[in-house]
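Below: one structure, written as structure tokens.
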């Protein structure tokens, strides 16, 4: 059986624990995790999980991948660019960095401006950042 994800490995460990219990040799689930990792050639469970997470495809937040063209709004300004960096952050969020086609002014002052060519945010699967402006609008909203 090929194991591709942490979810698959957890299911395999649960099946091992249940099978051992049926055979009269009950094994705690934590021990089944360790045995599953060792059987796959890893030193321990944490090492196996780290290896599986590294091997998983790059973040798939709303289908974004490195190099993809994206459009949306950053601090209320329309933006477009390409995904420059993408990293999973927990189960449901992703860190995204976008190289913008045109710089965006991140200051709302008439006195000065600050232009950015790249923007970063932590986004959910809906393409909206978890960071908010004081008026409650997400910093980054991708279409």
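Residue numbers (UniProt numbering): 1 to 143.
Ideal Cβ positions, reconstructed from N, Cα and C, are used throughout, including at glycine.
Anticipated Cβ contact below 8 angstroms, residue i with residue j, distance rounded
i	j	result
residue 100	residue 119	7 angstroms
residue 77	residue 124	Contact flag wrong, Cβ pair sits at about 21 angstroms.
residue 144	residue 111	No answer is possible for residue 144: the residues shown for the chain start at 1 and end at 143.
residue 86	residue 64	6 angstroms
Local Cβ density within 10 Å of residue i, reported as buried at 16 or more and exposed below that
i	result
residue 59	Because the pLDDT at residue 59 is just 45, under 50, the model does not fix this residue reliably, and the point stays unresolved.
residue 96	buried
residue 24	exposed
residue 41	exposed
residue 72	buried
residue 19	exposed
Own chain residues within Cβ distance below 8 angstroms of residue i, not counting five before or after
i	result
residue 10	33
residue 35	13, 16 and 27
residue 132	138 and 139
residue 66	58, 83, 84, 85 and 86
6 angstroms Cβ shell around residue i - same chain, five flanking residues per side excluded
i	result
residue 37	44, 45 and 48
residue 130	122
residue 113	105 and 107
residue 68	83
Close-in-space but distant-in-sequence residues of the same chain around residue i (CB under 7 angstroms, 5 per side omitted)
i	result
residue 52	5, 6 and 9
task: Could you say if the stretch 71-85 and the stretch 95-109 meet the contact criterion of at least three C-beta pairs nearer than 8 angstroms?
output: Result yes; three or more Cβ-Cβ pairs closer than 8 angstroms.
Inside the stretch 15-42 only - beta strand (DSSP E) runs reaching at least 3 residues: The DSSP assignment places no complete beta strand (DSSP E) segment of no fewer than 3 residues inside the stretch 15-42.
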